[in-house]
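Here the working numbering is used: the first residue of the sequence shown is 1056, the next is one more, and so on. Built from N, CA and C at the ideal position, the CB exists for glycine as well. Just so you know, these numbers come straight off a predicted model, no measurement behind them. Below: the structure, in structure tokens.
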Amino acid sequence: IEKNALQNPQDVTTVLDEAQQKLFNIGQAVNSQGGILIKEILTGVKSESKIPYLKELQQRQETFQTKGPQDTGITGIPTHFIDLDKMINGMVPSNLMILAARPAMGKTSLALNIAENICFRSEVPVGVFSLEMSAEQLLHRLICSQAEVESDKLKTGSLNGQEFQRVVASVNSMQRGVMVIDDQPGLKITDLRARARRMKETHGIRFLVIDYLQLLSGSGVSKSAENRQNEISEISRMLKNLARELNLPILCLSQLSRKVEERQGHRPMMSDLRESGSIEQDSDIVMFLLRREYYDPYDKPGMAELIVAKNRHGSVGSVNLTFRKELAQFANYSGIISAGKLDDNQDAFSAFSPGG
């Protein structure tokens, strides 16, 4: 550590990050010298859950018997988006998940909806790095979604009695949860890692959202296109390492390139990941968000398709969601979406089911 500091006297954040990483690695090495005996995992001594295997299996069996098959197999933290949880097994510790979309598709809203479900419904501490919006702006969106009150009404104060009471109830409920928002713009990946470690140590966060990847910078200073791709590769690799180091799931938002706009149907592909570098390689799960009504107001209005394009430990496919733009809210969709446009007499919100 001392040698590294002398070699890089001006790059303080990089030196601090590497020092923290080395100290962490020392602790890990002490705990896992010579490998891990399988009986240490089976007894829970060195398993991720710290629960003996048979006891954990018994708990799953009891959950199945009391709550039914809808909870079967979900070992990660539930997002309360039922079809998504079934496909990706919830938010699994040490997984790096990418949620990518073109601007105005609602990726920040969806990430916030997942975060609020995990924090306020599952009562799991959550951390959010918002490099684009302020903490107050995010809180405004959270209140809109929680209280089901339109954004404009909150801004102008034009609430009726019932709406005001819902806001009061939501504010009181949200104060009982643990959600930490860091809205410092222009962070380096080394800064973010150090701040995330402090979040984990201070607040015990178990789920992390980053909005969004392209607003992070690496440890270098060059801004050329080639070096930017290398920088994004470095960032994605360090985020995956951070997920493993802190043993928590990370949901990182990402932009898609303009190629999506030029393609018939506007369906995203892996090659659309902007400045992709090694994002696809480093991530465990890659999801794309598509709202067809953005391009054609009559094409499935109020509907969204969440495309699971990569799932390292499970299946891929699509999940249908309902989107209420005025509330910045996604929810479970319980109806059937046919190919093409909705019928003229079909109510886009008739199959609306609140998240969970």
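E1300 sits buried, since 16 or more C-beta atoms from the chains shown fall within 10 Å of its C-beta. Taking C-beta separations shorter than 6 Å and ignoring five residues to either side along the sequence, the partners of I1265 in its chain run F1184, C1307, following chain order. Fewer than three pairs of CB atoms, one per stretch, sit closer than 8 Å, so the stretch 1099–1119 makes no contact with the stretch 1323–1343. Going by beta carbons, A1166 and L1154 fall inside the 8 Å limit. Between P1304 and P1180, the CB-CB gap reaches or exceeds 8 Å. Under the DSSP assignment, E1218 falls in the alpha helix (DSSP H) whose first and last residues are 1216–1229. For the set K1314, A1249, Q1269, P1323, the Cα lying nearest the Cα of N1296 is the one of A1249.
Minimum Cα-Cα distance from R1221 among the listed residues K1110, E1203, I1236, T1211 corresponds to E1203. V1315 is bridged by DSSP to nothing; it lacks a bridge partner. L1186 is a Cβ neighbour of L1270, given a cutoff of 8 Å.
Distances from the CA of G1372 to each of A1364, R1379, F1378 were compared; the closest alpha carbon is that of A1364.
Taking a cut-off of 8 Å on C-beta distances, the stretch 1240–1259 touches the stretch 1281–1294, as three or more cross pairs fall below it. The alpha-carbon separation between L1112 and G1320 amounts to approximately 44 Å. Nearest Cα to E1286 within the set R1261, S1333, L1311: S1333. For the pair S1200 and N1168, the CB atoms are nearer than the 8 Å cut-off. By the Cβ-count criterion, T1118 is exposed, with fewer than 16 other Cβ atoms from all chains shown falling within 10 Å of its own Cβ.
By the Cβ-count criterion, S1326 is exposed, with fewer than 16 other Cβ atoms from all chains shown falling within 10 Å of its own Cβ. Secondary structure at S1200: helix, using DSSP grouped into helix, strand and coil. Closest in C-alpha terms to H1368, from the list N1144, K1110, P1352, A1156, comes N1144.
Inter-residue distance for T1121 and I1129 is about 15 Å (C-alpha atoms, whole angstroms). Residue range 1262–1266 is occupied by the beta strand (DSSP E) that includes D1266.
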